[in-house]
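> Using UniProt numbering, the first residue of the sequence shown is number 1, and each one after it goes up by one.
Glycine included, every Cβ here is placed at the ideal spot set by N, Cα and C.
Before anything else, here's the structure in question.
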Amino acid sequence: MDDIKKLLGDEIFESVKAKLNGEILTLVPKGQKVFLHKENETPVINNNGEWFPKQKFNDVNEALKAEKLLTANTIKELETLKKSAGSNVELQTTIDKMKETAEKSKTDNDLRFSNLTKTGLVKEALVDLGATRPNAGLLLNEIQLSKVVVGDDGKISNAEDLFKTVLTDHKSLFGKPILKGKDPIIPAGAPEGYITKDKFLAMTPQERTANIAKVNESSPHWDKK
């Protein structure tokens, strides 16, 4: 709440804080929206840069997996049924048409599932390159999912070529890249789960709101060595 303290001044801020009963105030930049969720909920972001509960995402994902399994089982059942049909041409033809429809459905489902996976990988990669999550949602439209190559490790294997154009054409939408594998300097006395100032500055307003308690604990340590 340091930004509010600076805005109101110490005396007014302390007076307001005393009446909050442990609740937290935060400033929201003009034109931005705040998404509130329960502390035990994990939010994810859709293509429009909006938040919704991770459980909802998981439900959709699991439904799609179940649909794929159902279609695959249907094809196997039709193959078994065709063997039982013997020399009945009419029945054989009907089964072939049903199998063709099921195989097309399987292809469509496989593509949807693949694109769902690739979408998540591309957005996370864009964030790692320094884009905010809302900007990553916008930049996603510039990436052809059909060109995304996912390696055996579950990561994008052609990232350099894939993002070369978008990094050049939309340079202003990227901030400082998030350096993975490099441990930040944590000052003495910092809380568990410490959020660095750089990480805070790279957050979207929604992310700041979602992590406001930990930000408030971390901010007093930002200028310490």
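Touch check for the stretch 114-121 and the stretch 136-156: three-plus C-beta pairs under 8 Å?
yes
> Over the uninterrupted alpha helix (DSSP H) stretch that includes P134, give me the two end residues.
Translated into the one-based positions of the sequence shown, residue 134 becomes position 134. Its alpha helix (DSSP H) spans residues R133 to L139.
> Can you tell me whether DSSP reads I186 as helix, strand or coil?
By 1-based counting over the sequence shown, the position of residue 186 is 186. Correct three-state label for I186: coil.
> Per the contact definition of three or more C-beta pairs closer than 8 Å, is the stretch 123-137 in contact with the stretch 93-103?
no
> Within 10 angstroms of its Cβ, does K123 collect 16 or more other Cβ (buried), or is it exposed?
Taking the first residue of the sequence shown as position 1, residue 123 is located at position 123. It is buried - the Cβ of K123 has at least 16 other Cβ atoms within 10 Å.
> Go through its chain and collect everything with a Cβ distance to P220's Cβ below 7 Å, but skip five positions before and after it.
Mapped onto the sequence shown, residue 220 falls at position 220. Excluding positions up to five away in sequence, the list is empty.
> Take T209 as the anchor and find which of N141, G130 and E23 has the nearest alpha-carbon.
Here residue 209 corresponds to residue number 209 of the sequence shown, with the count starting at 1. If we check each option's Cα against that of T209, E23 comes out closest.
> Using only alpha-carbon positions, find the residue among D198, A131, V16 and K17 that is nearest to H170.
Taking the first residue of the sequence shown as 1, we reach residue 170 at position 170. The candidate whose alpha carbon is nearest that of H170 is A131.
> Going by DSSP, which residues form a beta bridge with I156?
Here residue 156 refers to the residue found at position 156 of the sequence shown. Paired residue(s): V150.
> Taking 7 Å as the limit between beta carbons, can you name the residues of its chain near L201, skipping five residues before and five after?
Stepping through the sequence shown from its first residue, residue 201 is reached at position 201. Closer than 7 Å at Cβ, skipping near neighbours: no residue.
> Pull up the DSSP beta-bridge partners for F174, would you.
For the purposes of this step, residue 174 is taken as residue 174 along the sequence shown, with counting starting at 1. Note: F174 sits in a beta bridge opposite A131.
> Relative to the C-alpha of A159, which candidate in D198, D128 and A213 has its C-alpha closest?
Start at 1 with the first residue of the sequence shown, and residue 159 comes out as number 159. Comparing Cα-Cα distances from A159 to each of D198, D128 and A213, the minimum goes to D128.
> Could you tell me if L126 is buried or exposed, where buried requires 16 or more neighbouring beta carbons within 10 angstroms of its beta carbon?
Along the sequence shown, read from residue 1 onward, the residue named residue 126 stands at position 126. It counts as buried.
> Got a sec, what are the start and stop residues for the alpha helix (DSSP H) E142 sits in?
By 1-based counting over the sequence shown, the position of residue 142 is 142. Segment: none, E142 is in no alpha helix (DSSP H) and carries neither H nor E.
> Less than 8 Å between the C-beta atoms of K214 and I186, yes or no?
Counting from one through the sequence shown, the residue named residue 214 turns up at place 214. Counting from one through the sequence shown, the residue named residue 186 turns up at place 186. Not in contact: K214 and I186 (Cβ atoms no closer than 8 Å).
> What is the residue span of the alpha helix (DSSP H) that K214 lies within?
Here residue 214 corresponds to residue number 214 of the sequence shown, with the count starting at 1. That run of the alpha helix (DSSP H) goes I212 to S218.
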